[in-house]
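Undergrad:
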Amino acid sequence: MLALALATVSSASAAGKLEIFSWWSGDEGPALDALVKLYKQKYPSVTVDNATVSGGAGTNAKAVLKTRMLGGTPPDSFQAHAGQELIGTWVVANRMEDLSSLFKSEGWTKAFPADVVKLISSKGGIWSVPVNVHRSNVFWYNPAKLKAWGVTVPKTWPEFLTTCTALKAKGVAAPLVVGENWTQQQLWENVMVGTLGADGWNNLWSGKLKFTDPKVVGAFTTFGKVMDCTNKDASGLSWQQASDRVIDGTSAFNLMGDWAAGYFTTTKKLAPGTGFGWAAAPGTTKVFVMLADSFGLPKGAKDRAEAINWLKLLGSKQGQDTFNPLKGSIAARLDSDLSKYNTYSKSAATDWKNSRIVGSMAHGAVAPESFTSAFGAIIDQFVAGKDSKGAAAASQQLADKAGIGK
Ligand code: GAL
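This is the structure:
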């Protein structure tokens, strides 16, 4: 019954309301705004409430969403990272509708890469519609500044530490800029991937490699040294403010997901290659740390038919090629029109095809929200005290509690 209902709801004349919920406000807004505009063109009689709670990586939005979901007033459709963030939180709690029939009727099981479909599937269901693929293991820099300092992008984390010393000697107090807690988690995961390799990283999340393993403890120590190369005011900086410091030459590098490319091109109007440069984070050249933003359909959505039309637009070629060129991400679909994308995104699309793909913890692909949100405190404590063994033991405890590797 439900399958039939999902497949048949689609009408260009749908009237009513639609509330979508995300953390894409302000500087993060233009790509979503373009998608909303397209929706309004297709469904002119629907009033769209584009509800946002600002804050990078959705740290604030996820808390508000929790209150609404538990209070029985879910938005019609909400942003969630493809993978464990949604599955380990709202799917296991039986709060989401299975979108399998929509995937079938829209031809999406073939339109998206099999690995992406696998990421959003569990218990025989498919739980959200991915609108993009972001890469989170990218080092951003200002080409003119690197030239002036006479440094190149380091290829490994030990090499980064040497470059850091060289830059400090040239008066660059914080060679690497970081921002608030989640950006430090993202840095941590890239030090891990760059040190343990793709297999080591995957083994952490399957439970084969313990956080207390000497290799992981050693990578924590490297992360501590990397943090010694960063700014002292990190906790007060948004990711955009951190990105600004690379462009204005305060710092040499920023490790950030490629929403930074969207910010540099769409908001700052900088040209890829000259206004900003990029490279894979140290030690991760042939690896693509991925995450995907997706939207799901909560049970009890008030405007279900409008929400399904929203999901259809998100998953369509037109929707993805409208959203992603502005966002810095690439389409999750396989048939995207690359001529619509800039040189950064074209290079990301090539790397997506030719790299080892692993999932991001900081952005919900490989770990449930219960791990990621609590891991922030471990990072804070580690950065303050640099106790690698203590942080590794606390991480393992948290992983056990979150059911990782079970
Ligand atoms: C990520 C999200 C991106 C971007 C970024 C910064 O978690 O997947 O689309 O919004 O946070 O807020």
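Using numbering that gives the first Met the number 0, read the sequence shown as starting at 0 and increasing by one per residue.
Heads up, the beta-carbon is just placed ideally off N, CA and C, and yes, glycines get one too.
Nothing here was measured: the structure is a model prediction, and the numbers come from that model.
Determine the contact status of glycine 295 and leucine 37, defining contact as a CB-CB distance below 8 Å.
TA: Counting from 1 along the sequence shown, the entry for residue 295 is found at position 296. Counting from 1 along the sequence shown, the entry for residue 37 is found at position 38. The answer is no: Cβ separation not under 8 Å.
Undergrad: How about glutamine 435 and leucine 254: are their beta carbons less than 8 Å apart?
TA: A question about residue 435 goes unanswered here, because the residues of the chain that appear run from 0 up to 405.
Undergrad: Leaving aside the five residues before and after methionine 0 along the sequence, list all residues of the same chain whose C-beta is less than 8 Å from its C-beta, in chain order.
TA: Translated into the one-based positions of the sequence shown, residue 0 becomes position 1. Residue confidence is low: methionine 0 scores 39 on pLDDT, short of 50, so the model does not pin down where it sits. No coordinate-derived value is stated.
Undergrad: Please specify which runs of the beta strand (DSSP E), each continuous and at least 3 residues long, are wholly inside the stretch 249-336, giving them in chain order.
TA: 252-254, 276-279, 286-290 and 292-295
Undergrad: Who are tryptophan 244's beta bridge partners in DSSP?
TA: Taking the sequence shown and counting its residues from 1, one reaches residue 244 at position 245. The sequence given here places arginine at residue 244; tryptophan does not occur at that position. Arginine 244 pairs with nothing; no bridge assigned.
Undergrad: Rounded to the nearest angstrom, how far is the Cβ of tryptophan 22 from that of glutamine 83, given a contact under 8 Å?
TA: Locating residue 22 in the sequence shown gives position 23, counting from the first residue. Locating residue 83 in the sequence shown gives position 84, counting from the first residue. The Cβ separation is near 18 Å, so there is no contact.
Undergrad: May I have the straight-line CA-CA distance separating proline 455 from isoleucine 86, to the nearest angstrom?
TA: Limits of the chain in this structure are 0 at one end and 405 at the other, which puts residue 455 out of reach.
Undergrad: In this structure, how does DSSP classify valine 150 when only helix, strand and coil are distinguished?
TA: Numbered from its first residue, the sequence shown carries residue 150 at position 151. If DSSP states are grouped into helix, strand and coil, valine 150 belongs with coil.
Undergrad: Less than 8 Å separating the beta-carbons of isoleucine 329 and serine 315?
TA: In the sequence shown, counting from the first residue as 1, residue 329 sits at position 330. In the sequence shown, counting from the first residue as 1, residue 315 sits at position 316. Taking the C-beta atoms as reference points, serine 315 is found no nearer than 8 Å to isoleucine 329.
Undergrad: With which residues is lysine 16 paired in a DSSP beta bridge?
TA: Locating residue 16 in the sequence shown gives position 17, counting from the first residue. DSSP, once it has assigned bridges, lists Thr46 as partnering lysine 16.
Undergrad: What residue from Trp139, Gly223 and Met360 has the CA that sits closest to alanine 291's CA?
TA: Working through the sequence shown from its first residue, we reach residue 291 at position 292. Cα-wise, what sits closest to alanine 291 is Met360.
Undergrad: Touching or not, the stretch 329-343 and the stretch 48-66, by the rule of three or more beta carbon pairs under 8 Å?
TA: no
Undergrad: Return the CA-CA distance between tryptophan 126 and glycine 282, expressed in angstroms with no decimal places.
TA: Sequence index remark: in the sequence shown, residue 126 carries index 127 (1-based). Sequence index remark: in the sequence shown, residue 282 carries index 283 (1-based). Going from the Cα of tryptophan 126 to the Cα of glycine 282 covers about 33 Å.
Undergrad: Which residues are close to ligand 1, meaning CB closer than 5 Å to any heavy atom, in chain order?
TA: Gly55, Ala56, Trp258, Asp292 and His362
Undergrad: Let's test the definition: count the other Cβ atoms within 10 Å of the Cβ of asparagine 131 and tell me whether it reaches 16, buried, or not, exposed.
TA: Here residue 131 corresponds to residue number 132 of the sequence shown, with the count starting at 1. Buried, since its Cβ has 16 or more Cβ neighbours within 10 Å.
Undergrad: Using only CA atoms, which one of Thr162, Arg134, Asp227 and Cys163 lies nearest to lysine 385?
TA: For the purposes of this step, residue 385 is taken as residue 386 along the sequence shown, with counting starting at 1. Ranking Thr162, Arg134, Asp227 and Cys163 by Cα distance to lysine 385 puts Asp227 first.
Undergrad: Am I right that aspartate 302 and leucine 17 are in contact with their C-beta atoms under 8 Å? What's the rounded C-beta distance?
TA: Locating residue 302 in the sequence shown gives position 303, where the first residue counts as 1. Locating residue 17 in the sequence shown gives position 18, where the first residue counts as 1. 5 Å between Cβ atoms; contact.
Undergrad: Can you find the residues in the same chain that come closer than 7 Å, C-beta to C-beta, to glycine 15, ignoring five residues on each side of it along the sequence?
TA: The residue labelled residue 15 in the question sits at position 16 within the sequence shown. Excluding positions up to five away in sequence, the list reads Val45, Asp302 and Glu305.
Undergrad: Let me know if serine 354 comes out buried or exposed under the rule of 16 or more other beta-carbons within 10 Å of its beta-carbon.
TA: Along the sequence shown, read from residue 1 onward, the residue named residue 354 stands at position 355. It counts as buried.
Undergrad: With distances taken between CB atoms, is the gap from valine 357 to valine 288 smaller than 8 Å?
TA: In the sequence shown, counting from the first residue as 1, residue 357 sits at position 358. In the sequence shown, counting from the first residue as 1, residue 288 sits at position 289. Between valine 357 and valine 288, the C-beta spacing is below 8 Å.
Undergrad: Can you tell me where the beta strand (DSSP E) holding valine 215 begins and where it ends?
TA: The count along the sequence shown starts at 1 and reaches residue 215 at position 216. Element bounds for valine 215: not the beta strand (DSSP E) but the alpha helix (DSSP H), 213-226.
Undergrad: Is alanine 92 helix, strand or coil by DSSP?
TA: Counting from 1 along the sequence shown, the entry for residue 92 is found at position 93. Reduced to three states, the DSSP call for alanine 92 is coil.
Undergrad: Distance, Cα to Cα, methionine 68 vs arginine 94?
TA: Counted from its first residue, the sequence shown places residue 68 at position 69. Counted from its first residue, the sequence shown places residue 94 at position 95. Going from the Cα of methionine 68 to the Cα of arginine 94 covers about 8 Å.
Undergrad: Can you find the residues in the same chain that come closer than 7 Å, C-beta to C-beta, to threonine 229, ignoring five residues on each side of it along the sequence?
TA: As a first step, residue 229 must be located in the sequence shown, where it is residue number 230. Cβ neighbours of threonine 229 beyond the five flanking positions: Ala173, Leu175, Val176 and Val177.
Undergrad: Exposed or buried, which one is lysine 400 when buried takes at least 16 other CB atoms within 10 Å?
TA: Translated into the one-based positions of the sequence shown, residue 400 becomes position 401. Its Cβ having fewer than 16 others within 10 Å, lysine 400 is exposed.
Undergrad: Would the beta-carbon of alanine 33 fall within 8 Å of that of valine 152?
TA: Along the sequence shown, read from residue 1 onward, the residue named residue 33 stands at position 34. Along the sequence shown, read from residue 1 onward, the residue named residue 152 stands at position 153. No, they are not a contact pair.
Undergrad: Spatial neighbours of glutamine 240 within its chain, please: C-beta separation below 7 Å, excluding the five flanking residues on both sides.
TA: Numbered from 1 along the sequence shown, position 241 holds the residue referred to as residue 240. Once the five neighbours on either side are set aside, the close Cβ partners of glutamine 240 are Gly178.
Undergrad: Hey, quick one: how far does the beta strand (DSSP E) through tryptophan 139 stretch, first residue to last?
TA: Working through the sequence shown from its first residue, we reach residue 139 at position 140. For tryptophan 139, the enclosing beta strand (DSSP E) starts and ends at 137-140.
Undergrad: On the criterion of 16 or more Cβ atoms from any shown chain inside 10 Å, does lysine 214 qualify as buried, or is it exposed?
TA: By 1-based counting over the sequence shown, the position of residue 214 is 215. Classification of lysine 214: exposed, given that the 10 Å Cβ count is below 16.
Undergrad: Quick check: the Cα distance between valine 402 and phenylalanine 374, rounded to an integer number of angstroms?
TA: Taking the first residue of the sequence shown as 1, we reach residue 402 at position 403. Taking the first residue of the sequence shown as 1, we reach residue 374 at position 375. The question names valine, but residue 402 is glycine in the sequence shown. Cα to Cα, the separation comes out at about 14 Å.
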